[in-house]
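**Q** Next up is a structure, given as structure tokens.
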Amino acid sequence: MHPDITEILYTEDEIANAISSIGRQITADYADKRLLLVSILKGSFIFAADLIRHIELDLAVDFIAVASYGAETKSSGVVRIIKDLEGPLESYDILLVEDIVDSGLTLNYLRKYLRSLNPKSVEIAALLVKEVKQETPVECKYVGFVCPDAFVVGYGLDYAERYRYLPYIGVLDPKVYS
Ligand code: IMP
Numbered sequence: 001m002h003p004d005i006t007e008i009l010y011t012e013d014e015i016a017n018a019i020s021s022i023g024r025q026i027t028a029d030y031a032d033k034r035l036l037l038v039s040i041l042k043g044s045f046i047f048a049a050d051l052i053r054h055i056e057l058d059l060a061v062d063f064i065a066v067a068s069y070g071a072e073t074k075s076s077g078v079v080r081i082i083k084d085l086e087g088p089l090e091s092y093d094i095l096l097v098e099d100i101v102d103s104g105l106t107l108n109y110l111r112k113y114l115r116s117l118n119p120k121s122v123e124i125a126a127l128l129v130k131e132v133k134q135e136t137p138v139e140c141k142y143v144g145f146v147c148p149d150a151f152v153v154g155y156g157l158d159y160a161e162r163y164r165y166l167p168y169i170g171v172l173d174p175k176v177y178s
């Protein structure tokens with residue numbers, strides 16, 4: 001285990017099982033739809049890459065990027081799109097793929113923004129949802145795990161661009177950022 005990690009919350013196997021189950025549900029729910037999976041960069045890129053290989057549909061993929069926390073562990077409260085989607089969305093059912101929901105600010109903003117572009121639907125798949133009271137609760141159609149209110153890293157999630165490569169998800173030692 002990495003020395004900056006105090007506890008492993010989800011192992012590689014547990015993550016793989018959760019993703020395979022979400023993939024099966026998505027395959028059933030979107031069978032007769034035109035699915036566009038939108039991965040929110042950078043944190044969800046590993047989740048999205050694994051998830052699409054568990055969806056047995058002819059889906060399309062795009063990426064959207066929002067300004068991140070930087071070297072902070074709390075959201076600044078301002079969401080800014082730094083890379084937008086390509087092309088018209090009217091013919092697609094969109095599934096937004098997010099690594100973790102904390103305050104819900106990012107997803108509530110993005111969902112509203114994407115709905116304004118008139119796709120057929122917008123739903124959310126989040127690998128992790130933090131056990132915190134969200135100011136405006138986010139409705140996620142697919143959730144991997146409800147995780148404790150700690151700063152977690154690994155499997156795509158970072159702190160100041162570190163730890164994304166870890167194959168598991170663990171709690172970052174507060175000493176690293178305090
Ligand atoms: P929200 O807007 O507060 O819901 O924050 C969502 C975004 O903040 C996620 O996409 C992550 O990039 C980042 N984030 C929130 N909590 C954590 C965490 O515990 N570890 C790493 N990134 C996090």
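Everything in the sequence shown is counted per my numbering, starting at 1 for the first residue and increasing by one. Yeah, the Cβ is synthetic: ideal placement off N, Cα and C, and Gly gets one too.
At which residues does the beta strand (DSSP E) containing ALA98 begin and terminate?
**A** The question names Ala, but residue 98 in the sequence shown is Glu. Per DSSP, GLU98 belongs to the beta strand (DSSP E) from 93–101.
**Q** What number of angstroms, rounded off, separates the C-alpha of ASP173 from the C-alpha of MET1?
**A** 12 Å
**Q** Across which residues does DSSP place PHE63 in a beta bridge pair?
**A** SER39
**Q** DSSP three-state label for GLY104, please.
**A** coil
**Q** Below 8 Å on the Cβ atoms is my contact criterion, and I expect ASP84 with LYS130 to pass it. Report the Cβ-Cβ distance as a whole number of Å.
**A** Actually they do not touch by this definition, with Cβ atoms about 27 Å apart.
**Q** Look at TYR10 and PHE151 and say whether their C-beta atoms are less than 8 Å apart.
**A** Remark: C-beta atoms of TYR10 and PHE151 do not approach each other more closely than 8 Å.
**Q** Among residues of its own chain, excluding the 5 on either side of THR106, which ones have a beta-carbon nearer than 8 Å to its beta-carbon?
**A** ILE40, VAL66, SER75, VAL79, GLU98
**Q** Would a check of beta-carbon distances place VAL143 closer than 8 Å to chain D?
**A** Looking for chain D here will not work: only one protein chain is present.
**Q** Taking just the CA atoms, how far does GLY23 sit from HIS54?
**A** Each residue's alpha carbon lies about 5 Å from the other.
**Q** When you compare the CB positions of ASN118 and LEU89, do they come within less than 8 Å of one another, or not?
**A** yes
**Q** In terms of residue numbering, what span does the beta strand (DSSP E) encompassing PHE145 cover?
**A** 142–147
**Q** Look at the alpha carbon of ILE19 and the alpha carbon of ASP29, and state the distance between them as a whole number of angstroms.
**A** 15 Å
**Q** With H, G and I counted as helix, E and B as strand and the rest as coil, what does DSSP make of SER178?
**A** coil
**Q** When the Cα atoms are used, what is the spatial distance from ASP32 to VAL38?
**A** 18 Å
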